[in-house]
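Beneath this line is the structure, given in structure tokens, with notes to follow.
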Ligand SMILES: [Zn+2]
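Residue numbers (the UniProt record's numbering): 1 to 201.
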């Protein structure tokens, strides 16, 4: 592998490749891990950088599937992964884990579509809400995307557990547990309505 000019220019890229070198140097017997998750479960959770499912749920390589997206929402694509996770790779229990202070509570489809229609560059949040920093051209394509935002955290967890449980390609035998991860304490807090909706049948 040769270094490209971007590898020399981007500190992040350099750091990641350096970290990976160290990881691979002490890879140990992980080459022998089986493809199906050893502990036969899956977690659907948010992409938020403060969340580390391996740490908050005690996972080692090979243990479980972790499916992440903005909000940890039960989108069509998240459900696609869960179906594969069970049908071909044998997971038997699933978690939906959203979290406090989620960025998905800070905007709506309308806000996002308006921002994107004038600029694709990173916007800023101000006391008066989201503002573009420039007007360098945007796109109306966001009209066709549902960003799956939410206002009520417990409700969004319950909604997602219900959507998963109600999906025709999801067997009734899979329990789906609903939790909220607290970014201030690191604790997982159960959403009783979600877990009730997620009971295995
Ligand atoms: Zn989030």
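Beta carbons are placed, not taken as given, at the ideal position from N, Cα and C, and that holds for glycine. These numbers come from a predicted model, not from an experiment.
| Check | Outcome |
| --- | --- |
| Buried versus exposed, by CB contacts within 10 Å (16 or more), residue 53 | buried |
| Cβ-based burial, residue 1 [other Cβ within 10 Å; buried from 16] | Because residue 1 sits at a pLDDT of 46, beneath the cut-off of 50, its placement in the model cannot be relied upon, and the following sentence gives the value as read from the coordinates. With fewer than 16 Cβ atoms within 10 Å of its Cβ, residue 1 is classed as exposed. |
| Residue ranges of each alpha helix (DSSP H) within the stretch 7-89, 4 or longer | 11-25, 53-56, 76-87 |
| Member of 135, 10, 40 whose CA lies at the smallest distance from the CA of residue 85 | 40 |
| Residue burial classification, residue 56 (beta-carbon count within 10 angstroms, cutoff 16) | buried |
| heavy atom of ligand 1 below 7 Å from residue 112 C-beta | no |
| Inter-stretch contact at 8 Å, needing at least 3 Cβ pairs: the stretch 112-125 / the stretch 133-153 | yes |
| Start and end residues, alpha helix (DSSP H) containing residue 124 | Note, residue 124: premise wrong, no alpha helix (DSSP H); beta strand (DSSP E) at 124-126. |
| Option nearest residue 111 by Cα separation, candidates 96, 72, 130, 183 | 130 |
| Closer than 7 Å: residue 103 CB and nearest ligand 1 heavy atom | yes |
| Straight-line gap, residue 193 to residue 158 (C-alpha atoms, nearest Å) | 6 Å |
| Given residue 51 as reference, the closest of 187, 191, 200 once Cα atoms are compared | 187 |
| Separation of residue 149 from residue 108, as counted between CA atoms | 6 Å |
| For residue 105 and residue 97, the rounded distance between their alpha carbons | 15 Å |
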